[in-house]
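Trainee:
Number of protein chains: 2
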Amino acid sequence: MGKKYLFTPGPTEVPPSVLAACAEPIIHHRTLEFEQIFAEVNEGLQYVFETSNPVLTFAASGTGAMESAVANLLSAGDEALCVQGGKFGERWTELCNAYGVKATPLDVEWGKAVEPSLIEKQLKDNPALKAVFVTLSETSTGVRSDLEAIGKIVAKTPAALVVDAVSGLGATRCRTDAWHLDVVVAGSQKALMLPPGLAMVSVSDKAWALVEKSTLPKYYFDWKKAKSNLDKKTTPFTPAVSLIVALRESLRLIREETLDAALARQARMAEACRAGLEAIGIELYSQSPVEGVTVGKVPEGIKGGDFVKRLWSDFGIKVAGGQAQLKGKIFRIATMGSLDCLDIPLVISAVEMTLHRMGYPVELGKGVAAAEKVLAQPVQ
Amino acid sequence: MGKKYLFTPGPTEVPPSVLAACAEPIIHHRTLEFEQIFAEVNEGLQYVFETSNPVLTFAASGTGAMESAVANLLSAGDEALCVQGGKFGERWTELCNAYGVKATPLDVEWGKAVEPSLIEKQLKDNPALKAVFVTLSETSTGVRSDLEAIGKIVAKTPAALVVDAVSGLGATRCRTDAWHLDVVVAGSQKALMLPPGLAMVSVSDKAWALVEKSTLPKYYFDWKKAKSNLDKKTTPFTPAVSLIVALRESLRLIREETLDAALARQARMAEACRAGLEAIGIELYSQSPVEGVTVGKVPEGIKGGDFVKRLWSDFGIKVAGGQAQLKGKIFRIATMGSLDCLDIPLVISAVEMTLHRMGYPVELGKGVAAAEKVLAQPVQ
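Protein chains in written order, with the numbering used here: chain D, 99 to 478; chain G, 99 to 478.
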């Protein structure tokens with residue numbers, strides 16, 4: 099019966115006004131009313147994506163839109179570079195494999211960001227590479243890639259730079275146009291503060307040229323069909339109307355706060371979260387921490403699964419555990435979306451008390467104090 | 099500022115308690131709570147599908163799940179029969195073409211149902227056919243296929259029978275198991291009374307055997323992945339949580355009414371709608387009318403587009419016009435989902451007054467009286 103708190107890196111908490119929009123009576127999608135909403139949504143998405151490229155929206159999870167990038171850009175036998183330093187980077191390789199695209203995996207040690215010069219070398223060694231697949235915010239490890247540097251490198255080659263920004267967009271800076279990001283994939287249930295069920299993808303002119311040559315099969319996720327419908331302010335297939343209406347509201351909230359302020363707020367929350375954890379002896383996992391999710395190593399002697407469970411059972415706090423080889427070894431606290439300043443002392447407080455109850459030596463309040471030290475600074 | 103009424107064949111009106119469920123705080127999908135909801139949803143879907151086959155649920159529009167049937171059952175170069183007598187039947191052919199499947203289109207005159215013996219002949223003439231794609235309720239023409247008869251024919255062959263039941267399921271009888279329907283595709287925004295954004299597909303043992311041999315590319319819509327996750331009461335990718343929670347509520351409503359009663363109610367509404375239109379001289383388009391949508395021909399001298407627009411502007415009634423070659427020639431009134439008995443005199447009344455205002459000779463009240471004559475009969 100207690101209060102519940104969603105600190106998971108997707109789905110994230112949805113603001114009340116966005117939830118209310120989800121419950122509005124359904125409108126038909128072939129109407130002027132919907133067209134106006136959809137046009138407003140697209141403008142808002144371009145604002146958050148920082149792009150003048152069209153942003154296509156699909157009724158799907160983020161993975162559906164990731165798949166659309168492979169199917170629309172490439173042909174069977176094409177070669178692509180897949181940077182993988184976590185579960186989501188590996189998904190690019192799996193997607194390429196599913197479609198008969200020759201994926202060259204570029205393995206990065208988990209917890210570290212890819213060294214941009216390694217991508218440069220691969221592109222130099224293999225001019226046949228048609229696309230480079232990267233991850234903005236690797237949710238499984240809390241690592242942020244240096245897309246600005248990578249963008250500069252890939253822009254000089256014929257390859258398209260394709261970014262999984264599903265859990266990053268809106269939480270960490272992603273300058274689509276300025277950084278030469280050809281394709282950026284996002285999802286609704288992260289920093290866009292919506293229920294899951296919508297995925298978006300922005301497509302640059304360079305990417306559209308690849309689309310013209312692609313022969314892989316596609317229909318539901320066909321970008322050309324989506325684009326020609328977008329030009330008419332609609333979608334080729336019935337859109338997830340209620341989520342689009344809700345997206346208008348969440349984009350309105352972001353524009354009201356401004357993207358700069360929203361990013362700064364989330365950066366501050368992440369910094370405070372890291373400071374709080376470190377102050378009580380929790381080691382951070384990521385060596386290039388991203389703003390949207392803070393990853394702590396489970397301390398010696400504590401079972402990671404139990405820790406995550408007790409945060410939930412004792413305090414109603416839902417955080418994520420580790421995936422794959424990190425199962426039981428880390429915990430992940432989302433610091434993105436509609437969470438605010440005071441949510442950080444709150445979650446650090448729960449972490450302190452849970453560790454204490456589990457017999458781990460914690461100086462109660464020390465982590466909270468460290469978080470406050472960050473958050474008490476005047477907001478610029 | 100007036101009241102608005104959605105009589106479109108998708109999206110349809112969503113009941114208040116289902117809308118309210120859409121606005122519930124988001125829960126995380128990797129929790130016992132979600133697993134219990136998802137298990138309940140799957141039981142409810144099996145009840146409405148009338149099947150003991152697993153029903154896979156995707157965050158997508160119905161077309162996404164239709165595509166999944168092609169991608170999961172077939173391989174490039176396979177042959178398939180596509181029954182097309184309307185816009186949605188044609189979609190099966192387009193999907194096969196997109197995936198390099200050799201589609202044999204079986205053209206049926208629009209407004210008529212396919213003659214099952216024609217399917218029998220095709221299967222006899224071409225034993226290589228691996229699948230037969232049909233449409234339960236062809237929303238573009240208001241035609242219902244005789245799936246019971248077709249099922250008997252296809253069951254005797256090695257081919258799988260794949261049914262687009264997106265706009266039919268829950269509005270008209272669809273006995274998946276008893277009729278030997280190997281794959282049945284449904285969507286959330288029709289008789290399931292939900293916002294758009296979810297698609298479901300049931301898969302028989304015969305179909306699973308084809309899945310094992312299929313080599314077409316798939317990832318997001320991979321049935322095997324969906325099935326192994328379903329066995330663990332979850333989904334491979336983040337599900338559209340709020341729509342799943344809402345689906346639990348709409349399935350609860352259907353079970354409360356009982357499927358038989360819901361189908362009888364919608365059949366009565368459709369019969370009353372047809373009677374009402376015919377009484378004022380509107381010819382019906384479909385020669386095998388389906389329960390979920392009633393299609394009338396726009397009378398001589400009236401512009402179909404204007405008629406649909408004036409129903410909206412004058413009375414807040416949203417009906418659908420014709421698609422493709424039927425543009426301007428027909429109008430389509432949905433009689434499915436959460437609509438109830440009194441909605442029929444209401445919509446017929448608006449049709450009468452709109453035609454009157456547009457100068458078409460109508461004896462006011464005559465259509466309503468004919469509808470009432472059907473609806474006034476005691477409910478069995």
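For glycine and all other residues, C-beta sits at the position ideal for the given N, C-alpha and C. No experiment lies behind these values; they were computed from the predicted model shown.
Any idea what DSSP makes of E131(G), helix, strand or coil?
Mentor: In the second sequence, residue 131(G) corresponds to position 33, counting from 1. Taken through DSSP and simplified to helix, strand or coil, E131(G) comes out as helix.
Trainee: Helix, strand or coil for D329(G), going by three-state DSSP, please let me know.
Mentor: As a working mapping, residue 329(G) is identified with position 231 in the second sequence. In this structure, D329(G) counts as coil in the three-state DSSP scheme.
Trainee: For V146(G), return the contacting residues in chain D, with the cut-off set at a CB-CB distance below 8 Å.
Mentor: Looking up residue 146(G) in the second sequence gives position 48. Going along chain D, no residue has its Cβ under 8 Å from V146(G), so there is no contact; the nearest lies around 19 Å.
Trainee: Are V391(D) and G187(D) touching if we call contact CB-CB under 7 Å?
Mentor: One-based indexing of the first sequence puts residue 391(D) at position 293. One-based indexing of the first sequence puts residue 187(D) at position 89. Cβ atoms of V391(D) and G187(D): not closer than 7 Å.
Trainee: Contact check, F231(D) vs L179(D) under 8 Å by CB: the rounded distance?
Mentor: As a position in the first sequence, residue 231(D) is number 133, starting the count at 1. As a position in the first sequence, residue 179(D) is number 81, starting the count at 1. Rounded, the Cβ-Cβ distance is 7 Å, consistent with contact.
Trainee: Taking only three categories from DSSP, how would you classify P114(D)?
Mentor: As a working note, residue 114(D) is residue 16 in the first sequence. It is helical.
Trainee: Opposite L204(G) in the DSSP bridges: which residues?
Mentor: To locate residue 204(G), count along the second sequence from 1; it is residue 106. Answer is V181(G), bridged to L204(G).
Trainee: Please check if any C-beta of chain D sits within less than 7 Å of the C-beta of A121(G).
Mentor: As a first step, residue 121(G) must be located in the second sequence, where it is residue number 23. Interface criterion met: the Cβ of A121(G) is under 7 Å from a Cβ in chain D.
Trainee: Which parts of the region 340-413 of chain G are runs of the alpha helix (DSSP H), unbroken and 4 residues or longer, counting only runs that do not cross its ends?
Mentor: 357-377, 402-413
Trainee: Below 7 Å between beta carbons is the criterion; list the residues of the region 327-352 of chain G that meet it against any residue of chain D, in chain order.
Mentor: So the close ones are F335, T336, P337, A338, V339, S340, L341.
Trainee: Going by DSSP, what residue range makes up the alpha helix (DSSP H) through K250(G)?
Mentor: Residue mapping note: residue 250(G) aligns to position 152 of the second sequence, counting from 1. Counting along the chain, the alpha helix (DSSP H) containing K250(G) begins and ends at 245-253.
Trainee: DSSP on A422(D), reduced to helix/strand/coil?
Mentor: Along the first sequence, read from residue 1 onward, the residue named residue 422(D) stands at position 324. Reduced to three states, the DSSP call for A422(D) is helix.
Trainee: How about Y383(G) and G209(G): are their beta carbons less than 7 Å apart?
Mentor: Reading the second sequence from its first residue, position 285 is the one you call residue 383(G). Reading the second sequence from its first residue, position 111 is the one you call residue 209(G). Yes, they are a contact pair.
Trainee: Within the 7 Å Cβ cut-off, does L308(G) reach chain D?
Mentor: Reading the second sequence from its first residue, position 210 is the one you call residue 308(G). No, no contact with chain D.
Trainee: Have a look at C371(G), I217(G), A174(G), L424(G) and flag the residue whose alpha-carbon is nearest the alpha-carbon of K311(G).
Mentor: Numbered from 1 along the second sequence, position 213 holds the residue referred to as residue 311(G). The shortest Cα separation from K311(G) among C371(G), I217(G), A174(G), L424(G) belongs to A174(G).
Trainee: Compare the C-beta of P387(D) with all C-beta atoms of chain G and state if any pair is closer than 7 Å.
Mentor: Here the question's residue 387(D) lines up with position 289 in the first sequence. No, P387(D) does not count as interfacial toward chain G.
Trainee: Under 7 Å, do F105(G) and V417(G) count as touching if we go by C-beta distance?
Mentor: Counting from 1 along the second sequence, the entry for residue 105(G) is found at position 7. Counting from 1 along the second sequence, the entry for residue 417(G) is found at position 319. The answer is yes: Cβ separation under 7 Å.
Trainee: Do we get a CB-CB distance below 7 Å when we pair S243(G) with the residues of chain D?
Mentor: Here the question's residue 243(G) lines up with position 145 in the second sequence. Not an interface residue.
Trainee: Would the beta-carbon of P315(D) be found less than 6 Å away from any heavy atom of the ligand ATP?
Mentor: The ligand ATP is not part of the structure shown, which contains no ligands of any sort.
Trainee: Over what stretch of residues does the beta strand (DSSP E) that includes V45(D) continue unbroken?
Mentor: The structure shown has nothing for residue 45(D), since chain D only spans 99 to 478.
Trainee: Which residues in the same chain as V338(G) place their Cβ atom closer than 8 Å to its Cβ, once the five residues preceding and following it in sequence are excluded?
Mentor: Counted from its first residue, the second sequence places residue 338(G) at position 240. It should be pointed out that residue 338(G) corresponds to Ala in this sequence rather than to Val. Around A338(G): A157, G295, L296.
Trainee: If contact means a Cβ-Cβ distance below 8 Å, which residues of the region 179-203 of chain G contact chain D?
Mentor: So the close ones are E192, L193, A196, Y197, G198.
Trainee: Is there at least one Cβ from chain G nearer than 7 Å to P214(D)'s Cβ?
Mentor: In the first sequence, counting from the first residue as 1, residue 214(D) sits at position 116. By this cut-off, P214(D) is not an interface position.
Trainee: Note down the Cα distance separating T233(G) from T356(D), rounded to an integer number of angstroms.
Mentor: In the second sequence, the residue the question calls residue 233(G) occupies position 135. In the first sequence, the residue the question calls residue 356(D) occupies position 258. Going from the Cα of T233(G) to the Cα of T356(D) covers about 48 Å.
Trainee: Taking the alpha carbon of K185(G) as the reference point, which residue from Q134(G), E246(G), M456(G), G420(G) has its own alpha carbon closest?
Mentor: For the purposes of this step, residue 185(G) is taken as the residue at position 87 of the second sequence. Closest option to K185(G), Cα to Cα, is G420(G).
Trainee: For a contact defined as C-beta to C-beta under 7 Å, what are the partners of E165(G) on chain A?
Mentor: Going by chain labels, chain A is absent from the structure shown, which instead holds the protein chains D and G.
Trainee: Starting from G160(G), trace the alpha helix (DSSP H) both ways and give me its first and last residue.
Mentor: The count along the second sequence starts at 1 and reaches residue 160(G) at position 62. Segment 160-171, the alpha helix (DSSP H) holding G160(G).
Trainee: Are the C-beta atoms of S159(G) and some chain D residue less than 7 Å apart?
Mentor: For the purposes of this step, residue 159(G) is taken as residue 61 along the second sequence, with counting starting at 1. By this cut-off, S159(G) is an interface position.
Trainee: Consider the Cβ of T106(G): report whether some Cβ of chain D lies at a distance smaller than 7 Å.
Mentor: By one-based count along the second sequence, residue 106(G) stands at place 8. Output row for T106(G): interface = yes.
Trainee: A415(D) to D441(D), Cα distance in whole Å?
Mentor: Working through the first sequence from its first residue, we reach residue 415(D) at position 317. Working through the first sequence from its first residue, we reach residue 441(D) at position 343. The residue you asked about is not Ala; residue 415(D) is Ile in the sequence shown. So the two alpha carbons sit approximately 11 Å from each other.
Trainee: Would you mind sorting G100(D) into buried or exposed? The rule is 16 or more other CB atoms within 10 Å of its CB.
Mentor: Reading the first sequence from its first residue, position 2 is the one you call residue 100(D). Exposed.
Trainee: At least one CB of chain D closer than 7 Å to the CB of V260(G): is that the case?
Mentor: Along the second sequence, one-based indexing puts residue 260(G) at 162. Taking Cβ atoms only, chain D never reaches closer than 7 Å to V260(G), which makes this a no.
Trainee: Tell me the residue span of the beta strand (DSSP E) that contains M298(G).
Mentor: The residue you call residue 298(G) lines up with position 200 of the second sequence. From DSSP, the beta strand (DSSP E) with M298(G) extends over 296-301.
Trainee: To the nearest angstrom, how far is it from the Cα of I248(D) to the Cα of G268(D)?
Mentor: Here residue 248(D) is taken as the residue at index 150 of the first sequence, counted from 1. Here residue 268(D) is taken as the residue at index 170 of the first sequence, counted from 1. For I248(D) and G268(D), the distance between alpha carbons rounds to 19 Å.
Trainee: Got a sec: is the Cβ-Cβ distance from G162(G) to anything in chain D below 7 Å?
Mentor: Within the second sequence, the letter at position 64 stands for residue 162(G). G162(G) counts as touching chain D.
Trainee: Are the region 141-155 of chain G and the region 195-203 of chain G touching by the rule of at least three beta carbon pairs closer than 8 Å?
Mentor: no
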